[in-house]
Each structure stands twice: as structure tokens, then as C-alpha cells.
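Notes follow once the structure below has been shown.
Number of protein chains: 2
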Amino acid sequence: MTERKKPLEGLVVLDLTRVLAGPFAGMMLADMGARVIKVENPQGGDDARAYTPFQNGESAYFMSLNRGKESVTLNLKHPEGKRILKELAARADILVENYKPGTMKKLGLDYDVLSRVNPRLIYAASSGFGQTGPYSDRPAYDLIVQGMGGLQSITGTDPKHPLKVGSSMADILAGIFAVTGILAALHHRDLTGRGQMVDVAMLDCLVATLENAVARYETSGVAPGPIGNDHPSICPFATFESADGFINIAAGNDVLWARLCEVLGIPETAADPRFLTNRDRIENWLALKAILNAQTQGKTTAQWMEALMAVQVPCGPINTIDKVVSDPQVLAREMIVPVAHPVAGELKMPGVPIKFSETPASIAGPAPLLGEHVGAIYGGLLGMSEEEIRKLREEGAI
Amino acid sequence: MTERKKPLEGLVVLDLTRVLAGPFAGMMLADMGARVIKVENPQGGDDARAYTPFQNGESAYFMSLNRGKESVTLNLKHPEGKRILKELAARADILVENYKPGTMKKLGLDYDVLSRVNPRLIYAASSGFGQTGPYSDRPAYDLIVQGMGGLQSITGTDPKHPLKVGSSMADILAGIFAVTGILAALHHRDLTGRGQMVDVAMLDCLVATLENAVARYETSGVAPGPIGNDHPSICPFATFESADGFINIAAGNDVLWARLCEVLGIPETAADPRFLTNRDRIENWLALKAILNAQTQGKTTAQWMEALMAVQVPCGPINTIDKVVSDPQVLAREMIVPVAHPVAGELKMPGVPIKFSETPASIAGPAPLLGEHVGAIYGGLLGMSEEEIRKLREEGAI
């Protein structure tokens, strides 16, 4: 009875993206079962194929973001290349690109053109600042957007040392929001038969996720500074030092606060008038932090974890990446998955974080070699002869 | 001709969520046009209604995350409350909850039960660690997940001071991925008529976005340390000091590097054998950083921005939140939007980062007061009389 297909099986995606935000979107669609055709320039393809780190000469960065896709080469500046892109668009459900706004129009391949070829096409564009507005044509990188979007100003502990997040969060958020937009547009198309354009900007996505920083500014008129590891309104809720590293402890109410003091061997601190209520603890946080750190330094993270978990005080270690990828929960959830690649060999990469009960998603296969699926796509999907393909290649069209 | 409805119009969502991850998911669905019914406990409702900061006594935190929703009170422990939830589920397309795994089962209202009431229901559960695995029943907060998921270990500049991101990124990622899963399940339902369960964990979502940190570990066997504001493989690509603050500069290739040196007034540095290639610059980064900072400190961020943008070297300011919310691009993209609330007055909040050409999303209205829509939902949608509603209220069922 139960159908175990993936949720997006049967859909065809043209992935014209490079580097990170766009490829992340195409990757999510592939993981959920769409046939994702990566359209790459014949001169080396996606820039990320040259990005460190490498394994047997293949970029692990590229392989992680492009798993489960097929690859064709296509020269979008060549008249025959433009013709072929339109033929592909005529057969596709979704197109994703992350060129600088205006590039696809210059190529004569923007949404207006392609939607006339295929009115059902959902065309998603991911860019740094969006298709509209005064900064639209500026080049953008994750760092620059984390700065402009305010995230650097609220990360870290010192306004004199603004800090970016350790992953390229602005890029990744744009990739995920693009997929969300594509799927909402897909529902609309399932009902009406009509496609549309979805425009997602890294800066917009970052602003949309600033969370209480915006609420705090809008109600107080004061720009929040870097928040460190503390919580703006719950205390104690922070990172502490242990005998062998660190431990995060989140004692979100007075009951948990009392239990925490008990476990740390300082029950009298819970009764200290400086620390009675959450408000007291916030006001006297520096004094309290010193008292708590003095205790937590006395045992290892694992010892504290065991003692605190026994009385259900929320806590956790600060894992380095080696610990993350071997964590029992991460492995039980299949969030680190080995993928066999014909050249690179086996590479472990993050799994799919959406668990569907009826249509489970999964990594469909390794990343493609550049142009690996020219035969399958140009021959199989578009019905070209080997002679035609050879000729197009000679002309520099593919 | 053009239909300007929102993409999810006509869908009914039951939002049983509290605090952040779940409410963020419900908010995205409401922005995209779904009718989102927030189901809250009669004793004060969503905990976040009590979270700082406040405006006229209303939580700005809550209002930002629950805009455009309707609110009913419902006691899920009361037999009549359980019956009503099933009646609501029979009429809903989507249910979102972020209880600790096992809670809905204890209430007799888990997916197995509700899918028998309504096989078309898409049931999304967001939790810290997911519905399965050894940590499934642990309490989780954003800080704890940022620690366990490795993000704290790669953010900042010093392994002795792990740092979390300044926004609750693990919560927010879970919210966005939950919506992505819901919409993929919706496509499947549009084709087959069958709903399903979508299980999303904050930890999984964080691992899925670690990006090249995982690739670097898997290829080298060495856990990457905190990355600061530097790029692991492109140089110079960093935050620099200016006369009045900071500037991000991303000179991603040799041409941009030469232009940067020209603008900074140190053309000889581009020819310095220590800094000729990207690899040279990475190897001699500390020396180079000092040279560049000595120059950038000489003028203001605005002056450098103008000079660098004139020669198309990617750069950007590090905005504090006051600058973000008044930035011309942010405003042009409607990413900070005033919303009028009957009690709080006008509150500005982040807009919708997905721009649809045919079915534009937008903030549907203010957040609801607790139980504001009891009449509309219990009376209108379920057809109860005023007498019935009064009785249910007296019994403590709603």
C-alpha cells in the first residue's frame, strides 16, 4: 500500500547555479527526489569544482553540494547553447540560477523569455541583494552580507570585534528559502497550471532571521550589541568552563535554577538574595557567572552532563566537528552519510534533515563529473544523435 | 488575468507551537497565505507572550513570530479539548507542533491518531533532537544545539572561547526546514491525496548547514577551529578596521587583489612576492592583514566603500541593527514592515524574504490576542453555538 517514492519524484530541475546558495537549493531538490540537471559552462564548470578541500583531486566542497545531480556542459553565450537551454526549459518544471541580476537577461534567457517557452516553469533566482532595489547589481559574498545584514554586529562578545558565523549562513539561508518558495509556487502550479518567478536575496534572508535583535531595537531604539553566549532574557543560560572543556547549561526557570545549584554543590547560592529571581540573576550576572564557573571547572563535561541530565537540567557539550560527525544521535538520524564517488572514493557528508514518513528523502548518489550526463540528457531527454552532440561540442556550444 | 492570490491561500494550518522554531514555521505559512490557527493553552498561551521586549504590555518577540495568525484557547488535557482538536484536525490541511517528542502521544493526539481522523493531514513535528534516536527525549534549547552541532566550535577566533551565533539559528533553521518539508509533502498530497508526518530536528538542521567544516574534517581528519572573519581558502577576504568602524572586503582573485592595492595606495604590495598568488596571501596572511589594516584605518568606511565600489571590488559595511532596519536596500525590498496591533500600536518587523511574481506573499496582519478568534473558529469553522462555547469555557476545555 504505502508508496515509498520521494516527495518530488517526477519533477525535472535545471540547476544553473554555482558555488553555494544555488547549489544548496538544487541539492535539497535532488535529495527530495527531483531529477536535477546541473548546467555547467564547458570551461571547467561550477567554480566550486576548484575549491579546497580535495579528495583524490575532486573537490569535497563541490561533491557535498552537488550530490545526486546530473551534469551537462552548455555554453549559454553560443546561439546553439541558448537554443538548447530553451529546449531544456520546455521540458523542465523548475529552473534555479544564482547569477548576478541582469545576467540572464543579457543572455536573452531571463524569466520573461523562458516563461513564454514554458508557462508552467517555476524560475527561482537567488542573489546577494535581489532582483530589485538600489544594490541589486552589486557583487555579494556571504561575509559581506553577514556584515550588512547585522549578524556580525550581534555575534561575539565585543563591539570592537564584530564576528561572522563559522558557516556561510547567508548563502545557506538563501538556498533553503529558495526551495521553500519553489515548493509554494509548485503548489500554486499544481492547482492552476501556471508557473512564476521566485526572487530570493541573501540579505533579505538574513534580515528575516535576525529574530529578537530587531524586536529589541524596535521597542527600545537601542541597537543590540554582540550577545556572546548569553541569553538576553533568561539566566543562567550560557556556556561554562569544565575541567576538560566547556558545557552549555540552560536553567530556564527557578526550579531548574535550584536543581543546578544543588548539583554544583552550592545550594546556598539558590537562596542568595542576589540570585533569587530570573531578573535578579540577569542583574547580577557577572558575579553569578564567576561563582558558577568556579564550580563547573571542578569536573569534566561528561561528569556534569551525567549529573545534570539525571535531574533534567538542560545541558550539552560543545562539540568540535570530529565529535559532531561521530555523535550517536547524529548517526542514528543518518545525518552523516557516506557517499561513494567514482573518482574520489567514499566521502562522508551531511544527510537530509527532513524526515518524511511516507516519502523518505535521501542522497540519490554522488556528485557528477563535469558533463558526465551529456549523453543521457542531450541524447536521452532531447533526442539528439551522437553526431549532433559531437558537432555541438566541436562548435563550443556544449 | 493575473491571479494575485498568495501561494498557500485556501489551506488551513493548526499551529500548536510555542516559543520560536514552530511559530517561525507557522508564520511563514501565514505570510504565504494559509489560514493559521494558533492553538494555545488557556493558562496564558504561548510562553513567548511573556518574553521581553514589550510594547504597551505586548511581547514584541511574540508579535513578530505570530503575525497574521488567529488564536484559540484549547486545553489538550481535557476530554472535550481532545475532541475539539480532532474536529479541527479533520478540517485542517497541515498541523505543526514543537512539543518534546512523546508529548502528543501521551495526550492521545499523535500522528497515528490524527491521521485516522484525517488521512490528508500533513503533520509536522519540530523538536531539538527529533522523534527518534538516543537523545530524542532530551530537552533542547538553541544554545545547547549550537554547542552539540559544532557551530560554537567554528565561530569566533579562539578555541578557548567558543561562541554561538547572535541569533537563534538552530531554532530558525528547524522552522524553515519544517516548512520546506510541509510543502514537499503538500505536493505529494496534491498528486496522491495522502498526507504524512514530517519530523525535523534542530540538531539535524544545524549539521546539514555546517558546510565546508564537514568537508574539511572528512578530507583531513582534523577538526576545523574557529574561523573568525577569514575565509578558509580565499585571501584577502576579511573584516578590516576603518577610521570610523569596519569594512568587509572580498578580493576573490588576482585582478581584484591588484585593484584593492591600487585603491589603498599601496600598489607595490600587489607585486610583493609574499602576496603574489592567493596561496602566497593565505600563507602570509598575518603580515598581509597588518599591512592592509594600517591602510584601511586611514579613511572612513563610507570613503572606502565609494572608492572600492568604483572599481568593483566587493565590499560592505558592518551594520548594527539600527543601520540594517534603515538601509535603502532593506527598505526597497520591504524587509522591514510596520504592522499595526490593536494593543501594542505599530511595530516594525522583518518582512517576507521570498518574492513571488504571481502570488506575492506578505504579512497578513498583527499577532492575535490570546483566544481572540474563539468565536470565529469554534463558532464559524466548527459551528458551535455561543452557549456551547460558554459551557466549554466554564469546564476549562477551552
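Order-wise, the sequence lines are chains A and B. Just so you know, we're using our numbering here: the first sequence kicks off at 419 and counts up by one. Just so you know, we're using our numbering here: the second sequence kicks off at 419 and counts up by one. C-beta: ideal position from N, C-alpha, C; glycine also.
At a cut-off of 9 Å between beta-carbon atoms, Q747/A makes contact with chain B.
Around the beta carbon of N666/A, a 10 Å sphere encloses 16 or more other beta carbons of the protein chains shown; the residue is thus reported as buried. When the beta-carbon positions are compared, H605/B and P425/A come within less than 9 Å of each other. At the C-beta level, L581/A and T521/B stay beyond 9 Å of one another. In the structure shown, V616/B falls within a strand segment according to DSSP collapsed to helix, strand and coil. Counting other Cβ atoms within 10 Å of its Cβ, V757/A reaches 16 or more and is therefore classed as buried. Minimum Cα-Cα distance from A782/A among the listed residues E790/A, M450/A, Q570/A, R467/A corresponds to M450/A. Beta-bridge partners of D433/A (DSSP): K456/A, V514/A. In the DSSP assignment, H605/A falls within the unbroken alpha helix (DSSP H) covering 587 to 610. Taking one beta carbon from each stretch, the region 480 to 490 of chain B and the region 438 to 455 of chain B have 3 or more pairs nearer than 8 Å; the two touch.
At least 9 Å separates the beta-carbon of A478/B from that of A626/A. Secondary structure note for T687/B: its alpha helix (DSSP H) is the uninterrupted segment 685 to 689.
Spatial neighbours of E515/A in its own chain (CB-CB distance under 7 Å, excluding positions within 5 residues in sequence) are listed in chain order as L434, T435, G440, M522, A543.
Here S638/A is exposed. Its C-beta has fewer than 16 other C-beta atoms within 10 Å. N671/B counts as exposed, since fewer than 16 other C-beta atoms from the protein chains shown sit within 10 angstroms of its C-beta.
Proximity of the region 551 to 566 of chain A to the region 522 to 537 of chain A falls short of the contact definition, fewer than three beta-carbon pairs being nearer than 8 Å. Segment contact: the region 714 to 721 of chain B against the region 651 to 665 of chain B, three or more CB-CB distances shorter than 8 Å; contact assigned. Using beta-carbon distances, K523/A does not count as an interface residue toward chain B, since no partner is under 9 Å. Per DSSP, reduced to three states, the secondary structure at E629/A is coil, with no helix or strand assignment.
With respect to L429/A, G546/A sits apart: the two C-beta atoms are not nearer than 9 Å. Distance check between D465/A and each of I652/B, G611/B, E498/B, K500/B places I652/B closest, using alpha-carbon atoms only. Per DSSP, I502/B lies in no beta strand (DSSP E); the unbroken alpha helix (DSSP H) holding it starts and ends at 497 to 509. DSSP places N711/A in no beta strand (DSSP E) but in the uninterrupted alpha helix (DSSP H) bounded by 703 to 714. What A725/A touches in chain B, judged by beta-carbon distance under 8 Å, is nothing: the nearest beta carbon there is about 15 Å away.
Under DSSP, N666/A shares a beta bridge with T657/A, G734/A.
When CB distances to chain A are screened at a threshold of 7 Å, the residues of the region 534 to 556 of chain B falling below it are F547, G548, T550, G551, P552, Y553, in chain order. Assignment of Y541/A by DSSP, reduced to helix, strand and coil, places it in the strand class.
With respect to G646/B, I645/A sits apart: the two C-beta atoms are not nearer than 9 Å.
Pairing E498/A with A619/B, the inter-Cα distance amounts to about 46 Å.
Shown here, E813/A sits in a helix according to DSSP, grouped into three states.
In the DSSP assignment, I754/A falls within the beta strand (DSSP E) that extends over 754 to 759. In the structure shown, the three-state DSSP call for G763/A is strand. With its beta carbon at least 9 Å from every one in chain B, L810/A lies outside the interface. The alpha-carbon of R751/B is positioned some 20 Å away from that of A602/A. A buried status is given to L432/B, since no fewer than 16 other beta-carbon atoms sit within 10 Å of its beta-carbon.
Going by beta carbons, V454/B and T598/A fall outside the 9 Å limit.
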